[in-house]
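Q: Before anything else, here's the structure in question.
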Amino acid sequence: MKSIFKLALTLVAVFTLSITAQAQDINKQALQKEATVQAEKISQKMDLTDVQTEELQRSIAKFHTGKAKVENSDPNTVKGLKNQKKRVYGDFKKEIKAILTPERYADFMLFYKELNQ
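Set out below in structure tokens:
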């Protein structure tokens, strides 16, 4: 009887993990699509090269993923969420400044904020 209960419990746990993994994959794909669209729109406004657009898309996707991870974390169990959030924003700014010149960074931020309102 106990082995049947353990087996059922194991199956429920595996099923739950599978559903969670699928949901996270779908969420990651949605963030990736959103990043691609945003990078294309910004690229058109700023006349960026294809390489810059691809790097921008990667940076935006990484930023959205990191931001979602921090926002979905439980503040009661994870310490330092405020620092993690600052780190995500700081890393994003550094990557964008490496892709674009500092003068164009301000233009990028204006376009990016406009897209995310």
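So that you can map any letter, position 8 of the sequence shown is 8 in the UniProt record's numbering, and since no number is skipped, the others follow by simple counting.
Backbone N, C-alpha and C fix where the C-beta goes; we use that ideal spot for every residue, glycine too.
#1: Say whether the stretch 27-41 touches the stretch 74-88, bearing in mind that this needs 3 or more beta-carbon pairs closer than 8 Å, one atom from each stretch.
#2: Hey, T65 and L115: beta-carbon distance below 8 Å or not?
#3: Can you tell me whether V88 is buried or exposed, with buried defined as 16 or more other CB within 10 angstroms of its CB?
#4: Please determine, among K113, T101, L110, Q117, the residue with the shortest C-alpha to C-alpha distance to L48.
#5: Just curious, the alpha helix (DSSP H) that N83 is in, first and last residue?
#6: Measure the beta-carbon distance from Q57 to I99 and round it to whole angstroms, keeping in mind my assumption that it falls under 8 Å.
#7: Using three-state DSSP, classify Q117 as helix, strand or coil.
#8: Answer yes or no: do V70 and K85 have a C-beta to C-beta separation smaller than 8 Å?
#9: Just to confirm the assignment, what range does the alpha helix (DSSP H) spanning D50 have?
A: Taking the coordinates as given:
#1: Flag = no, the stretch 27-41 and the stretch 74-88 do not touch.
#2: No, they are not a contact pair.
#3: Flag for V88 reads buried.
#4: Distances from the alpha-carbon of L48 to those of K113, T101, L110, Q117 put T101 closest.
#5: It spans 81-99 - the alpha helix (DSSP H) in which N83 sits, taken as one unbroken run.
#6: So it is not a contact: roughly 10 Å between Cβ atoms.
#7: Residue state, collapsed to three classes: coil.
#8: Remark: C-beta atoms of V70 and K85 approach each other more closely than 8 Å.
#9: Per DSSP, the continuous alpha helix (DSSP H) segment holding D50 begins and ends at 50-71.
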